[in-house]
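Numbering of the sequence shown is given in the working numbering, commencing with residue 97 and proceeding in unit increments.
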Amino acid sequence: MRRAMVAGNWKMHGTRASVCELTGALAVQDLPANVDVAVFPPSLFIGQVVEALAGKSIAIGGQNCATQVEQGALTGEIASSQLVDAGCELVLVGHSERRLILGESDQVVAQKFAAAQLAGLVPILCVGETLEQREAGETLQVIARQLAVVIRVSGVAAIAKAVVAYEPVWAIGTGLTATPEQAQEVHQAIRRQLAAEDAEVAQATRILYGGSVKAANAADLFGMPDIDGGLIGGASLNANEFGAICRAAGS
Ligand code: PGA
97 MRRAMVAGNW
107 KMHGTRASVC
117 ELTGALAVQD
127 LPANVDVAVF
137 PPSLFIGQVV
147 EALAGKSIAI
157 GGQNCATQVE
167 QGALTGEIAS
177 SQLVDAGCEL
187 VLVGHSERRL
197 ILGESDQVVA
207 QKFAAAQLAG
217 LVPILCVGET
227 LEQREAGETL
237 QVIARQLAVV
247 IRVSGVAAIA
257 KAVVAYEPVW
267 AIGTGLTATP
277 EQAQEVHQAI
287 RRQLAAEDAE
297 VAQATRILYG
307 GSVKAANAAD
317 LFGMPDIDGG
327 LIGGASLNAN
337 EFGAICRAAG
347 S
């Protein structure tokens, strides 16, 4: 049985004061013991969040890492080993905002994935199609390509030690959620692609859904057989809402 996971991506939100408030409210949430819960603050606040959530069963992750593992001369970047040193256990790689707005290629994403694992982090590999690609009937092809590049660089066994997040770009921050059936179709295709290489990896890999998940739609999404939890953006900035999503994943 795969353990459910709910991950909160805070994106570029927060001030020291608002982060203090959010972590305070998260710390008193009733979180289910059968769900892995993680939050991904802006890197500026990682230290603050690690301290504020010490002793709580909430893991902390980075939103991005460099393609190289070790620290070095790379202005503005953060090495995966530095995230580990700061107290992170996970890192997002290939979020669509980085792919589309900041121009990260499949190749760069695959290098970041590898760098994350080399440092001992669990990468959450984000994949997803744009609205144009969906309307052109290219959804499954796009996702297969995004996943294939990572498999080519790191090998299929590496996927079982990571997490995959399917996030249709058209559903991110738009209030438009994929229906549970639309999401399940893609999740199943991802699992089939993995199974074609290694059946055990396919069974073991957690595949999260992301894109306008809220407490009100979480249970239906998480009820699908290949959806193992969620990657939550906007709703993760509200501790009560996030807590409710975590509880939906646990039931
Ligand atoms: P959203 O973002 O929940 O605000 O749609 C999800 C994400 O981008 O990870």
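Every residue, glycine too, gets a C-beta built ideally from N, C-alpha and C.
Remember, it's a predicted structure, so these values are computed and weren't measured experimentally.
ask   = What is the DSSP secondary structure of D294, reduced to helix, strand or coil?
value = coil
ask   = When you compare only the Cα positions, how much space is there between E293 and P321?
value = 20 Å
query = Under 7 Å from any heavy atom of the ligand PGA, does the C-beta of I341 make it?
reply = no
ask   = What three-state label does DSSP hand V218 in the structure shown?
value = strand
Residue range of the beta strand (DSSP E) that includes I323 = Run containing I323: none; DSSP gives neither H nor E here.
task = Rounded to whole angstroms, what's the CA-CA distance from A295 to G329? Just pull it up for me.
result = 31 Å
message = Tell me the rounded alpha-carbon separation between N78 and R343.
response = Limits of the chain in this structure are 97 at one end and 347 at the other, which puts residue 78 out of reach.
ask   = Should C161 and A182 be called a contact, given that it needs their Cβ atoms to be closer than 8 Å?
value = no
inquiry  = For G306 and L272, which I take to be in contact (beta-carbon distance under 8 Å), what is that distance rounded to the nearest angstrom?
reply    = The Cβ separation is near 13 Å, so there is no contact.
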